[in-house]
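The numbers in the numbering used here rise by one with no breaks, and the one at position 143 of the sequence shown is 151. Ideal placement from N, C-alpha and C gives every residue a C-beta, glycine not left out. Quantities reported herein were computed from a predicted structural model and do not represent experimental measurements.
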Amino acid sequence: MLARRVIPCLDVHAGQVTRGQQFGRAEDGGLRNVGDPVALALRYNEQGADELVFYDITASAQGRASMVSVIERVADQCFMPLTVGGGIRSVDDMWTMLRSGADKVSINSSAIENPDLIRAGAEKFGSQCIVVSIDTKRTGPGRWEVFLKGGRVAANLEAVEWAVRACGLGAGEIVLNSIDGDGMKAGYDLEITRRVSEAVPVPVVASGGAGNVGHMADVLLLAKADAALAAGIFHSGETTVRQAKEHFAARGIPVRF
């Protein structure tokens, strides 16, 4: 088994890291500020995070550009790989973020609306730079639908089928976000994570639902995810990246210290 990754996620709204539940909206009071993105990035860099993900969570919905200045400052001070998503709608947008210091770009709504963007990005920068993020919700027995615009709009796509198609177009990684689990701390959606992990030839990052390090280990062992992404439990100080990796190692999951 290859080393599994621990990835803190920073959801950024109006220049601050925020947390919510089930994709709550800022305008509805569904987000709370938890800190400065650069300060948090430095904390996770010191704790030994394998990667860091930044999402401008309202960029797609409100048509704003991603936070170039934040990425530049983080890349200048941190030495872990950075993935950036939110508001990336073109190859030029991808280049802007990569040039600012990101190692990978994550596309979600724009990939659904223009699937050829996946292919164009992979051809220009390599598949290893192109992450397709999929926001999914259980809509019936054994069925998970894909949503776009920050979970606001149904895409009329089934999650596994879309993941397979995205990989065929050139995606080098899938981030699978459970809308049902987001911020609830009740555990990841193991069933859909396992289905996607078994269906695609690229790494799958599980997202949405981490309440403790046991949940993170479960999604790696039981759902075959390649990485566990978490936000709230790290931002609050309930646990550290180091503690998560120590728990993984105790359960026989290979990690890098």
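Of the residues the options, the one placed nearest residue i, counting alpha carbons only
i       : options                            : result
Phe-242 : Leu-10, Leu-165, Arg-12, Val-61    : Val-61
Ile-200 : Ala-225, Ala-231, Trp-170          : Ala-231
Ile-15  : Ala-258, Ala-239, His-255, Phe-256 : Ala-239
Asn-41  : Leu-50, Ala-252, Leu-198, Ala-22   : Ala-22
Leu-177 : Ala-130, Ile-115, Val-227, Trp-103 : Ala-130
Arg-107 : Val-78, Asp-124, Arg-127           : Val-78
Met-9   : Ala-194, Val-221, Asp-234          : Asp-234
Glu-59  : Phe-133, Leu-237, Ile-261          : Leu-237
Gln-24  : Ala-11, Pro-45, Arg-12             : Pro-45
Met-192 : Ala-179, His-223, Arg-202          : His-223
Asp-188 : Leu-165, Asp-143, Glu-80           : Asp-143
Cys-86  : Asn-53, Arg-97, Arg-160, Val-92    : Asn-53
Arg-259 : Val-227, Ser-244, Gly-93           : Val-227
Arg-97  : Ser-114, Arg-81, Gly-109           : Ser-114
Beta-carbon contacts of residue i that lie in its chain and below 6 Å, excluding the five residues immediately before and after
i       : result
Asp-111 : Pro-89, Leu-90
Glu-181 : Val-139, Val-210, Pro-211
Ser-186 : Asp-197, Gly-216, Gly-217
Cys-137 : Lys-112
Thr-247 : Val-221, Ile-241
Asn-116 : Ser-141
Arg-33  : Note that Arg-33 scores a pLDDT of 49, beneath 50, so its modelled location is shaky and nothing firm can be said.
Beta-bridge pairing of residue i - partner residues as DSSP gives them
i       : result
Ser-114 : Gly-93, Val-139
Lys-145 : Glu-153
Asp-226 : Looking at the DSSP assignment, Asp-226 forms no beta bridge with any residue, so it has no partner.
Gln-24  : His-21
Glu-181 : Val-139
Contacting residues, own chain, Cβ-Cβ under 8 Å from residue i (five flanking each side not counted)
i       : result
Thr-147 : Glu-153
Ala-57  : Val-14, Ile-15, Pro-16, Met-88, Val-249
Ala-163 : Ile-120, Glu-153, Val-154, Phe-155, Leu-156, Trp-170
Ala-207 : Val-168, Ala-171, Val-172
Ile-261 : Met-9, Arg-12, Ala-225, Leu-228, Leu-229
Ile-126 : Ile-115, Ala-119, Ile-138, Val-140, Ala-174, Leu-177, Gly-178, Ala-179
Neighbourhood of residue i by C-beta distance below 7 Å, restricted to the same chain and skipping five residues each side
i       : result
Val-204 : Ala-167, Val-168, Ala-171, Ile-182, Leu-184, Val-212
Phe-265 : Gly-56, Lys-253
Gly-37  : Its pLDDT being 44, under 50, Gly-37 is placed unreliably by the model, and nothing is read from it.
Val-161 : Phe-155
Gly-245 : none
Phe-133 : Met-102, Leu-106
Ala-257 : Val-263
Ala-194 : Gly-217, Gly-219
Residue range of the alpha helix (DSSP H) that includes residue i
i       : result
Glu-166 : From DSSP, Glu-166 is part of no alpha helix (DSSP H) but of the beta strand (DSSP E) over 161–166.
Asn-53  : 45–55
Ser-205 : 198–207
Ser-108 : 99–108
Val-78  : 76–85
Terminal residues of the beta strand (DSSP E) in which residue i lies
i       : result
Asp-19  : 13–21
Leu-237 : 235–238
Glu-246 : Per DSSP, Glu-246 belongs to no beta strand (DSSP E) and is neither H nor E.
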